[in-house]
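Each residue of the sequence shown is one higher than the one before, starting from 1 at the first, in the working numbering.
Built from N, CA and C at the ideal position, the CB exists for glycine as well.
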Amino acid sequence: MRTLLLVSLIILAGCGASAGANRPHQSLSLAYSPARAHVPACTHAGSPIRLPAHFPAQFPVPAGTDLVRAAPLLHGVRGIGVYGYVPSASFVGTVHFFPREVKKAGFSVLALEIDTPNDSEGTYQGHGYQGRWALNSIPGCKAMRIGISAVRIGK
């Protein structure tokens, strides 16, 4: 299991994530929706994709998240990664969205690292999955890059 987490960390290192601002009165839809994807033009984001079948639909993302790519994990790890952008009015608000909402969605947060103001990453487990999220700031842009990995466990 340590190898799996290490490989996930290696795979997502450098893949940043953007997250929506965590404002008290902002309505957040925590389920990813390609139809609601909306990030600033400075991301140069492509067209939003649907979540892959083998990705936990319960994993929360901030409103407006635009996932643009999915790919199998590298180095023989059986799993999937999704990559894209999240609107982010505040590094701190975006970074703290994930551990809070991941727990609310029924996942356990296994680890969290925050390197203000550049990036943050965390690992999670739950709903039959284990994985990692990683966020990276985009200088001069109110968005962050995001990468989320998911590996099916227990089967």
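- The closest CA to that of Ala134, considering only Val82, Gly147, Tyr85, is found on Gly147.
- Cα atoms of Ser120 and Ile114: separation of roughly 4 Å, rounded to the nearest angstrom.
- Rounded to the nearest angstrom, the gap between the Cα atoms of Lys104 and Thr123 is 15 Å.
- Note: Ser149 is bridge-paired with Gly81, Arg132 in the DSSP secondary-structure output.
- Within 10 angstroms of the beta-carbon of Arg145 lie 16 or more other beta-carbons, which makes it buried.
- The shortest CA-to-CA distance from Ser137 to any of Arg100, Tyr85, Ala111, Gln125 is the one to Tyr85.
- For Pro99, the enclosing alpha helix (DSSP H) has its first and last residue at 91–104.
- Boundaries of the beta strand (DSSP E) harbouring Val68: 66–72, taken from the DSSP string.
- Distance between Ser88 and Val109, taken at the CA atoms: about 21 Å.
- Looking at the DSSP output, Ile114 sits in a beta bridge with Ser120.
- Classified as exposed, Leu74 has fewer than 16 neighbouring CB atoms from the shown chains inside 10 Å of its CB.
- Pro87 sits in a strand when the DSSP states are folded into three classes.
- Between Ala111 and Cys42, the C-beta gap is not smaller than 8 Å, which leaves the two residues out of contact.
- The beta carbons of Val68 and Leu30 sit about 19 Å from each other, so the pair does not count as a contact at 8 Å.
- CA-to-CA, the gap between Ser33 and Arg78 works out to about 25 Å.
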